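J.:
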Amino acid sequence: MMTIRTVLAAIAFFSFAPGAGFGQQTGLFYNIDAEAAIEGTVREVIRTPLYQDRQPFIQVVLEDDAQERTLVEVCPAWYADIDFRVGDRLSVVGSLSGAEGAPKSMIARIVEFEDRTLVLRDKRGFPNWRGGTRAKQGRRRGRGFVP
Amino acid sequence: MSRRSFILYFLLPFLGIALVLLAVSSLDRAYIQGEARGLVLEQLRAAAQILISDISRFLEEGDPPDRILERYARDENIYYMALLDGAKSIVGWRSRFEGYLPLSLDDARRRDAWQISSPAGGIYNLFLPFDLADGRRFHLYLGYSLEGVENIARRSRRTLLLTAVALFSAGLLFARALFRLQKRYLAKAVEAEDHRREKERFREISALTSGVAHEIKNPLNSLSLLCELMKRSAPPGLEEEIRLGGEEIRRIAGIVDRFSQFVKPLHVERRPFPLLDSLTEAAGALAGEFPALTAFRPTVPSGLTVPGDRELLTGVWANILRNALEASGGLPVEVRAETRRRAVLVRFRDTGPGLPPEVAARVFDPFFTTKKSGMGIGLYLSKKVVEAHGGRIGMTSGPGRGTIFEVELPGG
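Which chain is which? The protein sequence lines are A and B, in order.
Numbering follows our numbering, with no gaps: position 64 of the first sequence is 64.
Numbering follows our numbering, with no gaps: position 52 of the second sequence is 1052.
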């Protein structure tokens, strides 16, 4: 039996509905009980407005060695100073959603790319771009995403 | 004030008071924070009960959970909220931060509120079950901002820090002022003691000198008279010896007169006089002994006058010039005068070998001299004259650096 969480994750995966006002969410939240690590190759880079501020948000479709695909929600484009490209190899730690056989989604907390580590959220899933020194650093870097 | 007294009577009481104040302030701050947190918790519970009551009604009316939560989107103190069904599966949620809903299965078993910290500040969490009239069970998960309380704490911390800084700064300033005052007082006390000793010594010397002068002068007068008589009836060939004897008696009388002058109290008659004229007069009086003074050209601002006793001060210049010329072996002495803050400063610089510190420290002492023919009263008298004018005289010297005498007189 599919749980509501699975349904919400599936909706998020297929629609990526943009936010519409304060507090509007995609349906995915960082579930601290479902933290997992995955590794794979980037098959698609998506830049789409998510959440309430409608700023471009980076998502990547990651394919692991078993050719299973996971939609990984990374961070706002302005916060990342990494340009992900199709074919890049990533290791991601984050909150995984999706039941057996269903499309999988993940909210990334840590992304390792080449020899760099991008810490995106704290252990409880609080987004680093919304507070603390990391957010300031991110805004100062302000590099954004180049597709 | 000794170091021990400073620590005992100032530092320890000050630190004690400062620490008590800071401790009281800190305890007060902790109490206020605790009370504020308590109030927030009460507010949170009350708000949760109201929310539950409203949400129950909406759920019974058949509103979808997301739409129900949408109604509370404007409450800025609610960071996130979620509705869970009886099996604790989330049926709706909302968060101010992207994907942030920090609820774990362990948290869902809690009965009391708990606090978590986040980069956005502290957050109170509440997980409450509630039942609808039809028997269905739901749970409300609420994350409530502690920003207000934290602002109070921050302000309180800042006030405490500022108070501490102000207190310690004031203490440091006070201690510094105290030390400076004490140092000045000690310097004055030492100066007064030196002055008293000097006066006492001078009084003793004066009494002795007056007595000796008086005792010597009477027989000298008799001897001088006798010489005159002897000169009139002296056998041929003895006139020269008698004349020499008379001269020696007059020389002794001169020395006695100088000593008498030395012990007399000074009487200063102040009248403005041109400084350049006075310096030139002093140089002229010494020109016979020191040929270098024929080219004497002091640097004095045009028309500069000094209110003082011209005769006495000319004597002072002559004394200093004589010392300078003797020290430099007759080489020219640079004399420069200038006005400085309602005072006249006259500086004499020689190019002599300078004085060792132990000699320099005593040059103004009476009867101190390093010269074979000197009596050691010239500079002492000069100092007395300058001080009688309300001025000061000083000297800087060092081996190989020459010597500078500075006389500062009020007025000009």
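Glycine included, each C-beta is placed from N, C-alpha and C at the ideal position.
Since the structure is predicted, the reported quantities are computational estimates derived from the model, not experimental observations.
1. If you measure from the beta carbon of residue 71 of chain A to each beta carbon in chain B, is any gap under 8 Å?
2. Report the rounded CA-to-CA distance for residue 1409 of chain B versus residue 1318 of chain B, giving the unit in angstroms.
3. So which of B/1209, B/1028, B/1267 and B/1382 has the shortest CA-CA distance to residue 1320 of chain B?
4. Please confirm whether residue 1150 of chain B has its beta-carbon closer than 8 Å to some beta-carbon of chain A.
5. Where DSSP assigns a beta bridge to residue 1282 of chain B, which residues make up the other side?
6. Drop a sphere of 10 angstroms on the beta-carbon of residue 1278 of chain B, count the other beta-carbons inside from all chains shown, and report buried for 16 or more, exposed for fewer.
7. So the candidates are A/70, A/118 and A/127; which of them puts its Cα closest to the Cα of residue 36 of chain A?
8. Can you give the Cα-Cα distance for residue 1407 of chain B and residue 1395 of chain B, rounded to whole angstroms?
9. Please report the distance separating the alpha-carbon of residue 1132 of chain B from that of residue 1157 of chain B.
10. Mind checking which residues open and close the alpha helix (DSSP H) that includes residue 1043 of chain B?
11. What are the uninterrupted segments assigned as beta strand (DSSP E) that are 3 or more residues long and contained completely in the stretch 1055-1122 of chain B, given in chain order?
12. Which residues share a DSSP beta bridge with residue 1125 of chain B?
13. Taking 8 Å as the threshold (beta carbon to beta carbon), is residue 23 of chain A in contact with chain B?
14. So residue 79 of chain A contacts chain B; which residues on that side make the cut at Cβ distance below 9 Å?
15. Going by DSSP, name the residue or residues bridged to residue 1403 of chain B.
16. Closest to residue 1147 of chain B by CA distance: which of B/1037, B/1112, B/1099 and B/1061 is it?
17. Grouping DSSP H, G and I as helix and E and B as strand, with all else coil, what is residue 82 of chain A?
18. Could you work out which residue in B/1140, B/1194 and B/1069 is closest to residue 1089 of chain B when comparing CA atoms only?
19. Comparing C-alpha positions only, which one of B/1104, B/1207, B/1402 and B/1111 sits nearest to residue 1260 of chain B?
20. Could you check if residue 1211 of chain B belongs to the surroundings of the ligand NAP, using beta carbon to heavy atom distance under 7 Å?
21. Closest by CA to residue 47 of chain A, which one among A/57, A/41 and A/39?
22. Since residue 125 of chain A meets chain E, which of its residues come closer than 7 Å, beta carbon to beta carbon?
23. Under 8 Å, do residue 1073 of chain B and residue 126 of chain A count as touching if we go by C-beta distance?
24. Are there 16 or more other CB atoms within 10 angstroms of the CB of residue 1384 of chain B, so buried, or fewer, so exposed?
25. Give a yes or no on contact between the stretch 1349-1359 of chain B and the stretch 1385-1405 of chain B, applying the rule of three or more CB pairs nearer than 8 Å.
26. If contact means a Cβ-Cβ distance below 7 Å, which residues of the stretch 1167-1194 of chain B contact chain A?
27. Please check if any C-beta of chain B sits within less than 8 Å of the C-beta of residue 163 of chain A.
28. Would the beta-carbon of residue 1373 of chain B fall within 8 Å of that of residue 1351 of chain B?
29. Under a Cβ-count criterion, where at least 16 other Cβ atoms within 10 Å of its own Cβ denotes burial, should residue 1190 of chain B be classed as buried or exposed?
30. For residue 70 of chain A, which beta-bridge partners are listed by DSSP?
31. With H, G and I counted as helix, E and B as strand and the rest as coil, what does DSSP make of residue 1263 of chain B?
32. Since I believe residue 1107 of chain B is in contact with residue 1127 of chain B (beta carbons under 8 Å), could you give me their beta-carbon distance rounded to a whole number of angstroms?
33. On a Cα-Cα basis, can you pick out the residue from A/32, A/45 and A/31 that is closest to residue 90 of chain A?
34. With which residues is residue 1294 of chain B paired in a DSSP beta bridge?
35. Using 10 angstroms around the beta-carbon of residue 1267 of chain B, count the other beta-carbons present and answer buried if the total reaches 16, otherwise exposed.
36. Listed from N- to C-terminal order along the chain, which residues in the stretch 1106-1130 of chain B have their beta-carbon within a distance smaller than 7 Å of any beta-carbon of chain A?
T.: On the basis of the supplied data:
1. no
2. 16 Å
3. B/1382
4. no
5. Residue 1282 of chain B is not bridged to any residue.
6. buried
7. A/70
8. 9 Å
9. 46 Å
10. 1012-1060
11. 1078-1085, 1090-1095 and 1114-1118
12. B/1114 and B/1143
13. Low confidence applies here, because residue 23 of chain A scores a pLDDT of 38, under 50, leaving its location unreliable; read the following figure in that light. Yes, contact with chain B.
14. Here the premise fails: no neighbours, minimum Cβ distance about 11 Å.
15. B/1350 and B/1397
16. B/1037
17. coil
18. B/1140
19. B/1207
20. Judged by which ligands are present, the structure shown has none, so any question about the ligand NAP falls away.
21. A/57
22. Note that chain E does not occur in the displayed structure, where the protein chains are A and B.
23. no
24. buried
25. yes
26. none
27. Residue 163 of chain A lies beyond the stretch modelled for chain A, which goes from 1 to 147, so this question has no answer here.
28. no
29. exposed
30. A/62 and A/104
31. helix
32. 6 Å
33. A/45
34. Beta-bridge pairing links residue 1294 of chain B to no other residue.
35. exposed
36. 1116, 1118, 1119 and 1120
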